[in-house]
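Read the structure below first, then the notes.
Residue numbers (my numbering): 2 to 188.
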């Protein structure tokens, strides 16, 4: 999961900018979820897959329009912070909350601030037309060529597409303290 590697570190800049804290409960930034079990989960628990057993994927019947209701009625399988379970909704909600805290849209924040500040010029949420010939195909269960499926939290959880060169740049940025994202503020 490339997005799971690329997003949490740079989105931590929202914390550095003072717009959120990792010990904030979700309800601090998404008041529509207040009173639900997910509202008490901390952002650190979302970012580390310790939210209480969110599923691997958002169920197929859930849409962007029904997401808040789904999250409000979700029932944890165990107490938040007690077990780590990989979950696209967990990292997706973390990304959505971080963008909300920065008063930005997730894709816009990533593509105009975070990715450029890391020097990732061939990394996309929406692949531009000129890069499509280099966009690798995956295969489904019937061995048909497919691209990443759009869905709830696709940008935030699994929607980043990159090149080997940009991935190397990202790894270098993670190891070199002189390469930093300076702010989540708009450029």
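Where is the CB? At the ideal position from N, CA and C, for every residue including glycine. Bear in mind that the values here come from a model prediction, so they are computed numbers and not experimental data.
Among the options, the one whose alpha carbon lies nearest that of residue i
{"i": "residue 149", "options": "143, 142, 157, 138", "result": "138"}
{"i": "residue 127", "options": "163, 41, 94", "result": "163"}
{"i": "residue 93", "options": "173, 17, 158, 12", "result": "158"}
{"i": "residue 51", "options": "146, 169, 78, 123", "result": "78"}
{"i": "residue 47", "options": "170, 90, 111, 156", "result": "90"}
{"i": "residue 100", "options": "65, 115, 76, 172", "result": "115"}
{"i": "residue 120", "options": "95, 167, 56, 88", "result": "167"}
{"i": "residue 54", "options": "63, 75, 37, 62", "result": "75"}
{"i": "residue 69", "options": "122, 83, 33", "result": "33"}
{"i": "residue 170", "options": "122, 30, 16", "result": "122"}
Helix, strand or coil at residue i [DSSP, three-state]
{"i": "residue 1", "result": "What the structure shows of the chain is the stretch from 2 to 188, and residue 1 is not part of that stretch, so it cannot be assessed."}
{"i": "residue 189", "result": "Past the edges of the chain, shown from 2 to 188, lies residue 189, and the structure says nothing about it."}
{"i": "residue 12", "result": "helix"}
Residues that DSSP places opposite residue i in a beta bridge
{"i": "residue 26", "result": "43"}
Problem set entry | Residue ranges of each alpha helix (DSSP H) within the stretch 51-101, 4 or longer | 68-74
Exercise. Which ranges does the alpha helix (DSSP H) cover as unbroken runs of at least 4 residues, wholly within the stretch 107-182, from first to last along the chain?
Worked result: 107-110, 165-176
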